[in-house]
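Below is one structure, written out as structure tokens; comments come after it.
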Amino acid sequence: MAAMTMTDDLTCPIPDIAPMSSADMEAAIESVRQAVGLPLGARIVAAMSGGVDSTVVAALLHKAGYDVVGVTLQLYDHGEALKKKGACCAGQDIHDARLAADTIGIPHYVLDYENRFKDAVIDQFADSYLKGQTPVPCIRCNQTVKFRDLLDVARDLGAEAMATGHYVRRAIAGNRAQMRKAIDHSRDQSYFLFATTQDQLDYLRFPLADLEKPQVRGVAASLGLRIAAKPDSQDICFVPSGDYRTLIDRLRPQGREAGEIVHMDGRVLGKHSGITDYTIGQRRGLNVAVGEPLFVTKLNPELRQVIVGPREALLTASLVLEETNWLGQQATIEEAARDGAEVLARVRSTRQPSPARLALADDGIVKVVFAEGEEGVAPGQACVLYDPADDERVLGGGFIQSTQAVL
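In this text, residue positions in the sequence shown follow my numbering: the first is 772, and each later residue adds one.
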């Protein structure tokens, strides 16, 4: 491999990446045209985060013959991100997006959404921990700032669609758009996009659905884009240090109030220095010893209690959904629940979906009932539903409000 190079535009080392062949490039461009499904020349807003995925989307759309406008959102303090050690290119996202748009030859706008992002994502993130929940900020960001506010901007710019660099597939069945898993399941982001409404899905495009990450980097290298080797983001974007508890302590210091660690049988086993230090399923850091492995099974923020118990106590029989979204055949998720629709339920992004069915309680609450006890279920996380007859298709889902244990 040739020696790595450095440029004034990027402080990251850029290794050589094999460019695509002309045939593969043409195939990638045609794949984009198929994913977009609009006449050439149509205006499309490309949401450009500064990473390789969204940059390649903008570049391929331009090469495919669309009228592309790049938009980047300033969501948090990029100056703070520069202080993070060991994170190559952190803090340069807006700069990278501007440079890429100039290289591609498309107009580019930066929108200051810091206040919106703080209200809709950061504050909600901190509040969730105070409630004893385990939030998923990436979903909230897609649900609010990106797929609500930014879509409005795209429409104001006269765009016929907005494209993003997410790895998820949009397919048309009949006269409706479906959300489906990306071809590369190791990159699939459908879990994080479950809250995309039918109206939003009709307007959105995901041009990378049929590409794998090495191909995306190959496109970037072939087009001379300096972000070809830029590392993927690994952390919560607004927590550049990786220490989210420090952020929560600053925003919600009341979460640092001490309380008791209580066994589910009622025994008080010890003290803790703040409920925000704990999440459901946690084993490490409990600092209690009773001769058996203990896990956090429940958090009681009102009493400032951390409830612990054996691993089997983590098995969940059912859960209650809130803030639901539905993309299935039935008109609403309540109708599907009334019918007892079978689903595949995914309770964390890192877990495989499990067989389950929907149920509707007398008060109209939608529940997910698992065929077998499910581990790793925590309030605040998302429960994303897939079609058991076609497990590539996303049916919708909701946030986990509460759970019912098997025990």
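Glycine included, every Cβ here is placed at the ideal spot set by N, Cα and C.
Values in this document were obtained by computation on a predicted structure and should not be read as measured data.
Which residues DSSP lists as bridging residue i, in chain order
{"i": "Cys-1154", "result": "Gly-1169"}
{"i": "Glu-1163", "result": "DSSP output for Glu-1163 lists no bridge partner at all."}
{"i": "Asp-883", "result": "Gln-845"}
{"i": "Ala-1130", "result": "Lys-1138"}
{"i": "Asp-838", "result": "Arg-814"}
{"i": "Ala-934", "result": "Ala-817, Arg-976"}
{"i": "Ser-1125", "result": "Ala-1116"}
First through last residue of the alpha helix (DSSP H) which encompasses residue i
{"i": "Pro-908", "result": "908-912"}
{"i": "Ser-899", "result": "894-901"}
{"i": "Val-1177", "result": "That residue, Val-1177, is in no alpha helix (DSSP H); it is neither H nor E in DSSP."}
{"i": "Met-796", "result": "793-807"}
{"i": "Ala-829", "result": "823-835"}
{"i": "Ala-868", "result": "864-875"}
{"i": "Ala-925", "result": "922-927"}
{"i": "Leu-1115", "result": "Where Leu-1115 is concerned, there is no enclosing alpha helix (DSSP H), although the beta strand (DSSP E) it sits in stretches over 1113-1117."}
{"i": "Gln-971", "result": "969-974"}
Residue i - DSSP class collapsed to helix/strand/coil
{"i": "Gln-949", "result": "strand"}
{"i": "Ile-788", "result": "coil"}
{"i": "Arg-988", "result": "helix"}
{"i": "Arg-1021", "result": "helix"}
{"i": "His-1034", "result": "strand"}
{"i": "Lys-1042", "result": "strand"}
{"i": "Ile-1104", "result": "helix"}
{"i": "Lys-856", "result": "With a pLDDT of 42 at Lys-856, under the threshold of 50, the modelled position of that residue is not reliable, and the figure given next carries that caveat. Here Lys-856 sits in coil by DSSP."}
{"i": "Glu-1146", "result": "coil"}
{"i": "Arg-941", "result": "strand"}
{"i": "Val-1077", "result": "strand"}
{"i": "Ser-961", "result": "helix"}
{"i": "Ala-861", "result": "Low per-residue confidence applies at Ala-861: pLDDT is 39, beneath 50, and the placement is therefore not dependable, though the value from the model is reported in the following sentence. Here Ala-861 sits in coil by DSSP."}
{"i": "Ser-1120", "result": "coil"}
{"i": "Leu-996", "result": "coil"}
{"i": "Gly-1062", "result": "coil"}
{"i": "Glu-1083", "result": "helix"}
{"i": "Gly-1026", "result": "helix"}
{"i": "Lys-1001", "result": "coil"}
{"i": "Val-1010", "result": "coil"}
{"i": "Ala-891", "result": "helix"}
{"i": "Asp-1048", "result": "helix"}
{"i": "Thr-1221", "result": "Residue coverage of the chain in this structure runs from 772 to 1178, which leaves residue 1221 outside it and unanswerable."}
Bounding residues of the beta strand (DSSP E) (the contiguous stretch that carries residue i)
{"i": "Phe-1066", "result": "1066-1071"}
{"i": "Leu-1090", "result": "1087-1097"}
{"i": "Ala-980", "result": "Note, Ala-980: premise wrong, no beta strand (DSSP E); not H, not E."}
{"i": "Trp-1053", "result": "Note on residue identity: the sequence assigns Gln, not Trp, to residue 1053. Run containing Gln-1053: none; DSSP gives neither H nor E here."}
is_contact[residue i, chain C] using C-beta, thresh 8 Å
{"i": "Ser-1044", "result": "Any reference to chain C falls outside this structure, which holds one protein chain only."}
Integer-rounded CB distance, given that residue j should sit under 8 Å from residue i
{"i": "Phe-1141", "j": "Thr-1087", "result": "7 Å"}
{"i": "Asp-838", "j": "Gly-808", "result": "Not a contact, Cβ separation roughly 16 Å."}
{"i": "Arg-988", "j": "Ala-1000", "result": "7 Å"}
{"i": "Val-1165", "j": "Phe-965", "result": "6 Å"}
{"i": "Leu-928", "j": "Leu-844", "result": "Incorrect: roughly 14 Å between the Cβ atoms, too far for contact."}
{"i": "Gly-995", "j": "Thr-874", "result": "7 Å"}
{"i": "Ile-998", "j": "Asp-867", "result": "5 Å"}
Check whether the stretch 963-981 touches the stretch 1010-1018, taking contact to mean three or more Cβ pairs, one atom from each stretch, closer than 8 Å.
no
Do the stretch 1016-1023 and the stretch 1041-1051 touch if we need at least three Cβ pairs shorter than 8 Å?
yes
Does the structure place the stretch 1157-1165 close enough to the stretch 1075-1093 that three or more beta carbon pairs sit under 8 Å?
no
Any 3 or more C-beta pairs closer than 8 Å across the stretch 1051-1058 and the stretch 885-894:
no
For the stretch 1121-1129 against the stretch 1094-1102, do three or more pairs of beta-carbon atoms, one drawn from each stretch, fall closer than 8 Å, so that the two count as touching?
no
Tell me whether the stretch 889-896 and the stretch 824-841 touch, counting them as touching only if at least three CB pairs, one residue from each stretch, are closer than 8 Å.
no
Report yes or no: do the stretch 1064-1075 and the stretch 1110-1120 share at least 3 C-beta pairs separated by less than 8 Å?
no
Do three or more CB pairs link the stretch 1030-1045 to the stretch 1059-1073 at distances below 8 Å?
yes
Contact between the stretch 819-832 and the stretch 935-953: three or more CB pairs below 8 Å?
yes
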